[in-house]
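Contents: one structure, followed by commentary.
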Ligand SMILES: Nc1nc2c(ncn2[C@@H]2O[C@H](COP(=O)(O)OP(=O)(O)O)[C@@H](O)[C@H]2O)c(=O)[nH]1
Ligand SMILES: [Mg+2]
């Protein structure tokens, strides 16, 4: 159920709107404290009890704080355009990497994948299964191999086979955040030696259902490694899109793609109008 449908249901039969309650509902919807406060203030200023009017106004207000629709992804020259996919475990990195590869492929772009999450053997196999299904080449290293050497090899493979894009699925283990960030920095340095513009993009994957955890992850990654965008996953049916607004507002980090299910096609570029209609 989307956010404002929920709010309308909560306040429908009440004679007065309890604005503290209204604000709490927005905070629970992961909009973040500053946005929840600002939105409540906007609603209160309207001086009406008409819920439809309030909902429409709030929705428009939030929409104006959403990222603008991203420009279409264009492959860099010389190829490959390198995209690092980063984030903590379980957010949907591997799935999103495969989805993005399939999305690019249906648009006539050629893609090579790098299985740079060498920390778990299962992670390599998982990407390999996807690569087979969508029929794109994948480069892998041995289990526990250095991720930057996998990305290095994959870059050469992508260049040799003329791929427009190289998508690198990275590890996201949590137990040692410092090592993870150092590993990402090494991958970046390795790529920059191959092409000073690479990586051209670094997308942070967040699980939209995890609310303030996702915001915290965005803060940490944003500090540690330059991000160019966000992939927000698990937006299927949860109505939990508030985090996209909160991250945009606090970090000025735009959502580029949306994951809305486990199927390879449950993936689309961020579209403000659709987001407002479906989620808010
Ligand atoms: N419902 C739903 N599940 C997703 C979505 N994206 C990924 N998943 C599931 O989340 C789980 C973890 O995904 P995975 O790609 O392995 O995460 P990683 O650890 O970050 O690489 C898997 O079961 C995926 O099928 C999504 O958009 N919606
Ligand atoms: Mg993975």
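In my numbering, the protein residues as written are 515 to 794. Backbone N, C-alpha and C fix where the C-beta goes; we use that ideal spot for every residue, glycine too.
### Query
According to DSSP, which residues form a beta bridge with residue 679?
Paired residues: 595, 625.
### Task
Note down, in chain order, each residue of its chain lying with its Cβ closer than 6 Å to the Cβ of residue 700, except the 5 sequence neighbours on either side.
662
### Task
Assign residue 582 to one of three DSSP states: helix, strand, or coil.
If DSSP states are grouped into helix, strand and coil, residue 582 belongs with coil.
### Query
For residue 681 versus residue 732, is the C-beta distance shorter than 9 Å?
no
### Message
Between the alpha carbons of residue 710 and residue 655, how many angstroms are there, rounded?
### Response
24 Å
### Query
Is the beta carbon of residue 695 less than 9 Å from the beta carbon of residue 739?
Result yes, Cβ atoms of residue 695 and residue 739 sit closer than 9 Å.
### Boundaries (first-last residue) of the alpha helix (DSSP H) holding residue 646
635-648
### Query
Rounded to a whole number of angstroms, what is the C-alpha to C-alpha distance between residue 643 and residue 553?
45 Å
### Query
Taking buried to mean at least 16 other C-beta atoms within 10 Å of its own C-beta, is residue 582 buried or exposed?
exposed
### Query
How would you label residue 592, buried or exposed, when you count the other beta carbons within 10 angstroms and need 16 or more for buried?
exposed
### Spatial neighbours of residue 786 in its chain, beta-carbon cut-off 8 Å, leaving aside the 5 residues before and after
577, 580, 581, 582, 583
### Message
Taking its Cβ as the centre, do 16 or more other Cβ atoms sit within 10 Å of residue 529, making it buried, or is it exposed?
### Response
Classification of residue 529: exposed, given that the 10 Å Cβ count is below 16.
#### Entry: residue 658: CB within 8 Å of a non-hydrogen atom of ligand 2
no
### Start and end residues, alpha helix (DSSP H) containing residue 737
726-738
### Task
List the DSSP bridge partners of residue 719.
745
#### Entry: Near ligand 2: residue 641 beta-carbon under 8 Å from a heavy atom
Residue 641: yes, Cβ under 8 Å from ligand 2.
### Per-residue burial, residue 679 [other beta carbons within 10 Å of its own, 16 or more giving buried]
Within a 10 Å sphere around the beta-carbon of residue 679 sit 16 or more other beta-carbons, which makes this residue buried.
### Task
Assign residue 770 to one of three DSSP states: helix, strand, or coil.
strand
### Message
I'd like to know whether the C-beta atoms of residue 673 and residue 589 end up nearer to each other than 9 Å.
### Response
no
### Task
Measure from the alpha carbon of residue 712 to the alpha carbon of each residue in 587, 598, 652, 649, then state which is nearest.
When each option's Cα is compared against that of residue 712, the closest is 598.
### Task
Kindly examine ligand 2 and report whether one of its heavy atoms sits closer than 8 Å to the Cβ of residue 637.
yes
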